[in-house]
Amino acid sequence: MARARTTTPSKSDDARAQRSAQAMRTAFLALVERKPLDDISIKEITDGAGLSYPTFFRRYAGKSELLEEIATDEVRRLIALGHAALDGGQGSAWELCSYVHAHRKLWTVLLNGGAAHIMREEFRRIAEEMAYSRPRANPWLPVELAAPFVTSGIFEILAWWLRQPEDYPLDDIVALFDALIVDVTARPRIAPKLIRKPEINQP
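Here's what the structure looks like:
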(Lines of atoms letter the chains of each structure in order from A and count residues from 1; the text may use other names and numbers.)
(Lines give C-alpha, C1' and ligand atoms only; values in the text may rest on other atoms or scores of the structure.)
Protein backbone atom coordinates (compact mmCIF):
# COMPACT_ATOMS: atom_id res chain seq x y z
CA MET A 1 0.00 0.00 0.00
CA ALA A 2 1.40 3.41 -0.94
CA ARG A 3 2.30 5.64 1.96
CA ALA A 4 0.50 8.93 2.43
CA ARG A 5 2.05 11.96 0.81
CA THR A 6 3.51 14.36 3.36
CA THR A 7 4.45 17.25 1.07
CA THR A 8 2.97 18.90 -1.97
CA PRO A 9 4.46 17.25 -5.09
CA SER A 10 7.00 19.39 -6.87
CA LYS A 11 6.31 20.13 -10.55
CA SER A 12 9.80 21.43 -11.21
CA ASP A 13 10.67 21.69 -14.88
CA ASP A 14 14.39 21.21 -14.43
CA ALA A 15 16.05 18.57 -16.60
CA ARG A 16 16.62 16.08 -13.79
CA ALA A 17 12.98 16.17 -12.69
CA GLN A 18 11.83 15.67 -16.27
CA ARG A 19 14.17 12.70 -16.75
CA SER A 20 12.90 11.17 -13.52
CA ALA A 21 9.29 11.69 -14.56
CA GLN A 22 9.91 10.09 -17.95
CA ALA A 23 11.67 7.14 -16.32
CA MET A 24 8.70 6.59 -14.01
CA ARG A 25 6.25 6.84 -16.91
CA THR A 26 8.21 4.26 -18.88
CA ALA A 27 8.50 1.89 -15.92
CA PHE A 28 4.82 2.26 -15.09
CA LEU A 29 3.69 1.52 -18.64
CA ALA A 30 5.89 -1.58 -18.73
CA LEU A 31 4.25 -2.79 -15.52
CA VAL A 32 0.70 -2.06 -16.73
CA GLU A 33 1.42 -4.26 -19.73
CA ARG A 34 2.32 -7.21 -17.51
CA LYS A 35 -0.10 -7.03 -14.59
CA PRO A 36 -3.39 -5.48 -13.39
CA LEU A 37 -3.24 -1.83 -12.40
CA ASP A 38 -4.30 -2.50 -8.80
CA ASP A 39 -1.42 -4.95 -8.31
CA ILE A 40 1.30 -2.43 -9.21
CA SER A 41 3.16 -0.94 -6.25
CA ILE A 42 4.98 2.38 -6.08
CA LYS A 43 8.18 0.50 -5.24
CA GLU A 44 7.92 -1.50 -8.45
CA ILE A 45 7.64 1.75 -10.40
CA THR A 46 10.65 3.38 -8.74
CA ASP A 47 12.71 0.18 -8.95
CA GLY A 48 11.92 -0.08 -12.65
CA ALA A 49 12.85 3.56 -13.13
CA GLY A 50 16.08 3.20 -11.15
CA LEU A 51 14.97 5.84 -8.65
CA SER A 52 14.54 6.01 -4.89
CA TYR A 53 11.11 5.41 -3.39
CA PRO A 54 10.70 8.99 -2.05
CA THR A 55 11.44 10.42 -5.51
CA PHE A 56 8.00 9.29 -6.67
CA PHE A 57 6.20 11.41 -4.07
CA ARG A 58 8.12 14.53 -4.98
CA ARG A 59 6.09 14.60 -8.18
CA TYR A 60 3.00 12.42 -7.71
CA ALA A 61 0.50 11.87 -4.91
CA GLY A 62 -0.01 8.28 -6.06
CA LYS A 63 0.02 6.02 -9.09
CA SER A 64 -3.41 7.21 -10.17
CA GLU A 65 -1.97 10.71 -10.61
CA LEU A 66 0.87 9.32 -12.73
CA LEU A 67 -1.61 7.42 -14.87
CA GLU A 68 -3.81 10.49 -15.27
CA GLU A 69 -0.79 12.49 -16.45
CA ILE A 70 0.04 9.88 -19.09
CA ALA A 71 -3.58 9.53 -20.15
CA THR A 72 -4.15 13.28 -20.38
CA ASP A 73 -1.08 13.91 -22.51
CA GLU A 74 -1.83 11.08 -24.91
CA VAL A 75 -5.55 11.72 -25.16
CA ARG A 76 -5.06 15.43 -25.87
CA ARG A 77 -2.67 14.55 -28.67
CA LEU A 78 -5.05 11.96 -30.11
CA ILE A 79 -8.18 14.10 -29.78
CA ALA A 80 -6.40 16.95 -31.57
CA LEU A 81 -5.68 14.54 -34.42
CA GLY A 82 -9.28 13.34 -34.20
CA HIS A 83 -10.61 16.87 -34.64
CA ALA A 84 -8.36 17.30 -37.66
CA ALA A 85 -9.71 14.03 -39.05
CA LEU A 86 -13.30 15.18 -38.55
CA ASP A 87 -12.48 18.45 -40.31
CA GLY A 88 -10.24 17.13 -43.04
CA GLY A 89 -11.46 13.68 -43.98
CA GLN A 90 -9.32 10.69 -44.85
CA GLY A 91 -5.95 12.45 -45.03
CA SER A 92 -6.22 13.51 -41.41
CA ALA A 93 -7.80 10.21 -40.40
CA TRP A 94 -4.67 8.60 -41.79
CA GLU A 95 -2.52 10.82 -39.53
CA LEU A 96 -4.54 9.80 -36.47
CA CYS A 97 -4.33 6.09 -37.23
CA SER A 98 -0.66 6.36 -38.20
CA TYR A 99 0.12 7.98 -34.85
CA VAL A 100 -1.52 5.12 -32.96
CA HIS A 101 0.21 2.58 -35.20
CA ALA A 102 3.60 4.20 -34.55
CA HIS A 103 2.94 4.00 -30.79
CA ARG A 104 1.07 0.70 -30.90
CA LYS A 105 2.61 -0.76 -27.74
CA LEU A 106 1.71 2.28 -25.64
CA TRP A 107 -1.83 2.53 -26.97
CA THR A 108 -2.44 -1.20 -26.54
CA VAL A 109 -1.61 -0.77 -22.86
CA LEU A 110 -3.77 2.33 -22.51
CA LEU A 111 -6.83 1.11 -24.42
CA ASN A 112 -6.86 -2.64 -23.73
CA GLY A 113 -4.97 -2.91 -20.45
CA GLY A 114 -5.62 -2.01 -16.84
CA ALA A 115 -5.85 1.68 -17.70
CA ALA A 116 -8.75 1.35 -20.16
CA HIS A 117 -11.46 2.69 -17.84
CA ILE A 118 -9.41 5.78 -17.02
CA MET A 119 -8.61 6.33 -20.69
CA ARG A 120 -12.28 6.15 -21.63
CA GLU A 121 -13.14 8.84 -19.07
CA GLU A 122 -10.24 11.02 -20.22
CA PHE A 123 -11.44 10.69 -23.82
CA ARG A 124 -14.89 11.91 -22.83
CA ARG A 125 -13.72 14.73 -20.55
CA ILE A 126 -11.08 16.20 -22.85
CA ALA A 127 -13.19 15.86 -26.00
CA GLU A 128 -16.06 17.74 -24.38
CA GLU A 129 -13.69 20.43 -23.09
CA MET A 130 -12.14 20.88 -26.55
CA ALA A 131 -15.49 20.78 -28.35
CA TYR A 132 -16.68 23.89 -26.52
CA SER A 133 -13.64 25.83 -27.75
CA ARG A 134 -13.83 25.16 -31.50
CA PRO A 135 -16.30 25.54 -34.39
CA ARG A 136 -18.46 22.49 -35.06
CA ALA A 137 -19.93 21.18 -38.29
CA ASN A 138 -23.32 20.68 -36.63
CA PRO A 139 -23.66 23.18 -33.77
CA TRP A 140 -27.27 22.14 -33.19
CA LEU A 141 -26.02 18.85 -31.72
CA PRO A 142 -25.60 19.12 -27.92
CA VAL A 143 -21.90 18.90 -27.06
CA GLU A 144 -22.59 16.81 -23.97
CA LEU A 145 -24.22 14.22 -26.25
CA ALA A 146 -22.08 14.49 -29.39
CA ALA A 147 -18.68 14.51 -27.64
CA PRO A 148 -19.09 11.21 -25.75
CA PHE A 149 -20.76 9.64 -28.80
CA VAL A 150 -17.84 10.48 -31.09
CA THR A 151 -15.11 9.74 -28.59
CA SER A 152 -16.67 6.40 -27.66
CA GLY A 153 -16.64 5.53 -31.34
CA ILE A 154 -12.98 6.50 -31.70
CA PHE A 155 -12.11 4.57 -28.53
CA GLU A 156 -13.90 1.41 -29.65
CA ILE A 157 -12.45 1.48 -33.17
CA LEU A 158 -8.90 1.89 -31.91
CA ALA A 159 -9.30 -0.66 -29.10
CA TRP A 160 -10.71 -3.20 -31.56
CA TRP A 161 -7.91 -2.51 -34.06
CA LEU A 162 -5.23 -3.02 -31.41
CA ARG A 163 -6.67 -6.45 -30.63
CA GLN A 164 -6.17 -7.50 -34.26
CA PRO A 165 -2.91 -8.94 -35.65
CA GLU A 166 -0.21 -6.30 -36.13
CA ASP A 167 -0.38 -6.68 -39.91
CA TYR A 168 -4.03 -5.52 -40.03
CA PRO A 169 -4.01 -3.02 -42.95
CA LEU A 170 -3.78 0.62 -41.93
CA ASP A 171 -5.81 1.55 -45.01
CA ASP A 172 -8.67 -0.61 -43.74
CA ILE A 173 -8.84 1.00 -40.32
CA VAL A 174 -8.79 4.46 -41.92
CA ALA A 175 -11.72 3.40 -44.12
CA LEU A 176 -13.62 2.13 -41.07
CA PHE A 177 -12.87 5.33 -39.16
CA ASP A 178 -14.14 7.41 -42.07
CA ALA A 179 -17.32 5.33 -42.46
CA LEU A 180 -18.22 5.05 -38.77
CA ILE A 181 -17.04 8.41 -37.40
CA VAL A 182 -16.35 11.03 -40.05
CA ASP A 183 -19.24 10.26 -42.37
CA VAL A 184 -21.75 9.82 -39.56
CA THR A 185 -20.88 12.75 -37.32
CA ALA A 186 -18.70 15.30 -39.11
CA ARG A 187 -20.55 16.00 -42.34
CA PRO A 188 -22.60 19.22 -42.09
CA ARG A 189 -26.29 18.35 -41.95
CA ILE A 190 -29.52 20.29 -42.06
CA ALA A 191 -30.76 20.71 -38.52
CA PRO A 192 -33.98 18.77 -37.89
CA LYS A 193 -37.01 20.55 -36.48
CA LEU A 194 -36.58 19.61 -32.85
CA ILE A 195 -39.41 20.36 -30.44
CA ARG A 196 -36.90 21.36 -27.78
CA LYS A 197 -33.83 22.93 -29.31
CA PRO A 198 -30.56 22.38 -27.41
CA GLU A 199 -28.46 25.31 -26.29
CA ILE A 200 -25.78 26.15 -28.85
CA ASN A 201 -22.34 26.92 -27.45
CA GLN A 202 -20.65 27.88 -30.70
CA PRO A 203 -17.46 29.98 -30.48
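Residue numbers (the numbering used here): 3 to 205.
Virtual Cβ for every residue (Gly too), placed ideally from N, Cα, C.
Terminal residues of the alpha helix (DSSP H) in which valine 176 lies: Taking the sequence shown and counting its residues from 1, the one referred to as residue 176 is at position 174. Going by DSSP, valine 176 is part of the alpha helix (DSSP H) stretching over 172-179.
DSSP three-state assignment for tryptophan 142, whether helix, strand or coil: Stepping through the sequence shown from its first residue, residue 142 is reached at position 140. Three-state result, tryptophan 142: coil.
Ranges of the alpha helix (DSSP H) found wholly within the region 71-125, counting only runs of at least 4: List check, alpha helix (DSSP H) in window: 92-104 and 106-114.
Neighbour-count burial assignment, glutamate 76, 16 or more Cβ in a 10 Å radius: Start at 1 with the first residue of the sequence shown, and residue 76 comes out as number 74. Glutamate 76 comes out buried.
Unbroken alpha helix (DSSP H) run spanning glutamine 20, endpoints: Residue mapping note: residue 20 aligns to position 18 of the sequence shown, counting from 1. Start and end: 17-36.
Spatial distance of leucine 108 from isoleucine 128 (CA atoms): Here residue 108 corresponds to residue number 106 of the sequence shown, with the count starting at 1. Here residue 128 corresponds to residue number 126 of the sequence shown, with the count starting at 1. Their backbone Cα atoms lie some 19 Å apart in a straight line.
Stretch pair the region 96-104 + the region 147-155: three plus CB contacts closer than 8 Å: Contact between the region 96-104 and the region 147-155 is absent: fewer than three C-beta pairs spanning the two stretches fall below 8 Å.
contact_flag[the region 171-183, the region 153-161] where n(CB pairs < 8 Å) is 3 or more: With a cut-off of 8 Å on Cβ pairs, the region 171-183 is in contact with the region 153-161, counting three or more such pairs.
Complete runs of the alpha helix (DSSP H) confined to the region 35-60 [at least 4 residues]: Taking only runs of at least 4 residues, the alpha helix (DSSP H) segments lying wholly in the region 35-60 are 44-51.
Same chain, Cβ closer than 8 Å to threonine 48, neighbours up to 5 away in sequence not counted: Taking the sequence shown and counting its residues from 1, one reaches residue 48 at position 46. The answer, listed in chain order, is Met26, Ala29, Ser54, Tyr55, Thr57 and Phe58.
Inter-residue Cα distance where the pair is alanine 17 and glutamate 131: By one-based count along the sequence shown, residue 17 stands at place 15. By one-based count along the sequence shown, residue 131 stands at place 129. Across the structure, alanine 17 and glutamate 131 are spaced so that their CA atoms are roughly 30 Å apart.
For alanine 51 and alanine 23, the rounded distance between their alpha carbons: Counting from 1 along the sequence shown, the entry for residue 23 is found at position 21. Counting from 1 along the sequence shown, the entry for residue 51 is found at position 49. If you take the alpha carbons of alanine 23 and alanine 51, they lie about 9 Å apart.
Residues near leucine 113 by beta carbon distance below 8 Å, same chain, minus five either side: Taking the sequence shown and counting its residues from 1, one reaches residue 113 at position 111. If you ignore the 5 residues before and after leucine 113, its C-beta comes within less than 8 Å of the C-beta of Met121, Phe157, Leu160, Ala161 and Leu164, all in its own chain and listed in chain order.
Status (buried if at least 16 other CB within 10 Å, exposed otherwise) for arginine 126: As a working mapping, residue 126 is identified with position 124 in the sequence shown. So arginine 126 ends up on the buried side.
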